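K.L.:
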Amino acid sequence: RRFVFHTYGESGFDIDVGEDGGVVVTWFQQALRQDEGRLSLLEHLEKEMRRLRLMDLSRRKDIVPAHEWSMISSLHSAFVTAFGHALSSDTTFDEYSHPCFSSN
Numbered sequence: 368r369r370f371v372f373h374t375y376g377e378s379g380f381d382i383d384v385g386e387d388g389g390v391v392v393t394w395f396q397q398a399l400r401q402d403e404g405r406l407s408l409l410e411h412l413e414k415e416m417r418r419l420r421l422m423d424l425s426r427r428k429d430i431v432p433a434h435e436w437s438m439i440s441s442l443h444s445a446f447v448t449a450f451g452h453a454l455s456s457d458t459t460f461d462e463y464s465h466p467c468f469s470s471n
């Protein structure tokens with residue numbers, strides 16, 4: 368899966384399953400850079416993780432159809448999982464080793 372944050376100059380990360388079955392996070396662009404008073408992407412992800420963890424999705428709201436609630440819950444879980452892996456990963460960026468920049 369790819370997570371792109373356009374407000375951060377197309378910064379983001381890919382999440383894949385590695386050869387050993389573990390999670391591999393690959394950063395692209397300059398995700399660690401902080402621009403003139405703006406939060407860096409990592410700071411933004413930390414803020415979003417705090418917000419997502421505060422959300423109570425344990426009970427479906429009556430006005431939301433069950434299939435929509437299921438989708439909301441699935442997306443919430445996916446973001447929490449992805450952001451968690453990204454924040455705990457090696458945040459080194461090497462544009463020449465990333466597949467998006469490969470000359471092959």
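Read in order, the letters of the sequence shown are residues 368 to 471 in my numbering. Virtual Cβ for every residue (Gly too), placed ideally from N, Cα, C. Quantities reported herein were computed from a predicted structural model and do not represent experimental measurements.
Beta carbon of residue 445, beta carbon of residue 412: below 8 Å?
P.N.:
no
K.L.:
For residue 408, does the count of other Cβ atoms within 10 angstroms reach 16, so buried, or fall short, so exposed?
P.N.:
buried
K.L.:
Sort 387, 423, 394 by Cα distance to residue 449 and report the nearest one.
P.N.:
394
K.L.:
Between residue 392 and residue 382, is the Cβ-Cβ spacing less than 8 Å?
P.N.:
yes
K.L.:
Using only the alpha-carbon positions, how far apart do residue 431 and residue 418 sit?
P.N.:
21 Å
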